[in-house]
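Mapping to the numbering used here: the sequence shown position 72 is 72, numbers consecutive. Where a beta carbon is used, it is the ideal one built from N, C-alpha and C, also for glycine.
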Amino acid sequence: YKWSLDDFELGKRLGRGKFGRVFLARERKTGYIVALKTLLKKELVEANVERQILREIEIQTHLKHPNILQLLCWFHDSHRIYLVVEFAGKGELYKYMKESPGGHFNEHLAAKYTYQVADAVKYCHQNQVIHRDIKPENLLLTIADDVKLGDFGWSVHSPSLQRNTMCGTLDYLAPEIIENKVYGKFVDHWCLGVLCYEFLVGNPPFEAGGSEETCKRITRIDLKFPESVPEGAQDLIS
C-alpha cells in the first residue's frame with residue numbers, strides 16, 4: 001500500500017523541530033491516532049542531512065520494542081517527507097519531570113523510567129544501534145505512563161523546553177566523546193547514569209557555569225550527590 005497525506009486527518013500541532021513540524025493525526029480508515037512528523041526537503045538538503053535522515057528512518061523502521069517510539073510508516077511528496085510515528089499521549093518526559101514536585105521524580109518513578117530506558121538501550125545494542133543522544137528531551141510518555149525512547153536523529157520538540165543545544169547535549173556527553181577518543185556503545189551506558197541522576201535530582205550531575213567548566217567536570221568525573229539520593233541509586237549511577 002502506498003501511503004499519502006490524504007490517508008490522514010490532521011489535528012493540532014504538537015511541536016516543531018529543526019526541519020519541520022509534528023501534528024496529531026488520525027488515519028482515516030481505522031481512526032487510529034498517530035503523530036505525523038513533516039520534514040521539509042529543501043531544509044534537509046540545505047543542512048546536508050538527507051542521508052542521515054534516511055539512515056535514521058532505516059534504523060527506526062527495524063526497531064520494535066515496547067519502550068522505543070515506533071515508526072509506523074513514511075512517505076514523501078515533492079516538498080516534504082512525512083514520518084508516521086506512534087503517538088505518546090503524555091508528551092515529553094522532560095516537561096513532566098519539570099512539573100513534578102521539586103522538578104524531579106520520586107524514587108519509584110525514577111527507578112521505573114531508568115529501567116525502561118535501559119531495556120530499550122539494551123535492545124538497541126543487541127541490534128547494533130548506538131543511540132548517542134539519550135536525555136530527558138528525547139523521551140516521551142504514553143497515557144499508560146511508560147517511557148518511549150525517540151529521536152534517532154530526527155526528533156521534534158516543543159521549542160519552549162529545548163535547552164541551550166550546546167549545553168543540553170554537553171551535559172550528557174561521555175568523557176571519551178569530549179576527548180575526541182574512539183567510542184562505542186558504552187557512551188549510552190554513561191548517558192543512563194546521567195539520566196538516572198537527573199531523574200532523582202532535577203538537573204544533570206556535571207552542570208556548571210559554562211560549557212568549558214562542564215567539560216572539565218565530565219573529564220574529571222567530578223560527581224557529587226545530594227543527600228536526598230539513596231545509596232542504592234548512588235551505587236548504580238557511579
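Rounded to the nearest whole angstrom, the C-alpha separation of Lys2 and Val147 is 30 Å. In the three-state DSSP reduction, Phe186 falls in the helix class (H, G or I). Under DSSP, the beta-bridge partners assigned to Lys148 are Leu140. The Cβ-Cβ distance between Val194 and Asp222 does not fall below 8 Å. DSSP places His108 within a helical segment (H, G or I) once states are collapsed to three. Residue burial is scored here from C-beta neighbours: Pro136 has at least 16 other C-beta atoms within 10 angstroms and is therefore classed as buried.
The continuous stretches of alpha helix (DSSP H) do not include Thr38, which lies in the beta strand (DSSP E) extending over residues 33-40. Per DSSP, Ala233 is one residue of the alpha helix (DSSP H) stretching across 231-237. Fewer than three beta-carbon pairs drawn from the segment 38-54 and the segment 106-122 are found closer than 8 Å, and the two stretches are therefore not classed as touching.
Partner residues in a beta bridge of His79, as assigned by DSSP, do not exist. Rounded to the nearest whole angstrom, the C-alpha separation of Lys37 and Phe23 is 6 Å.
Straight through space, the alpha carbons of Ala88 and Thr142 are spaced by roughly 4 Å. With 16 or more neighbouring CB atoms inside 10 Å of its own CB, Gln116 falls in the buried class. Relative to Gly11, the option among Ala25, Asp119, Ile130, Lys95 whose CA is nearest is Ala25. The criterion of a C-beta distance shorter than 8 Å is not satisfied by Phe8 and His104. Across the set Val84, Tyr123, Phe152, Tyr32, the C-alpha of Phe152 shows the shortest separation from the C-alpha of Arg55.
Taking the Cα of Asn106 as reference, the smallest distance to any Cα among Pro230, Gly210, Ile237, Ile68 is reached at Pro230. When the five nearest sequence neighbours on each side are left out, the beta carbons in the same chain lying within less than 8 Å of the beta carbon of His79 are those of Leu40, Lys41, Lys42, in order along the chain.
CA-to-CA, the gap between Ile68 and Lys122 works out to about 11 Å. Between Ser238 and His125, the alpha-carbon positions lie close to 21 Å from each other.
Nearest C-alpha to Asp119 among Thr219, Tyr197, Pro175, His189: His189.
Across the set His131, Thr214, Lys185, Ala144, the C-alpha of Thr214 shows the shortest separation from the C-alpha of Ile178. Annotation: the continuous alpha helix (DSSP H) that includes Glu58 extends over 50-62.
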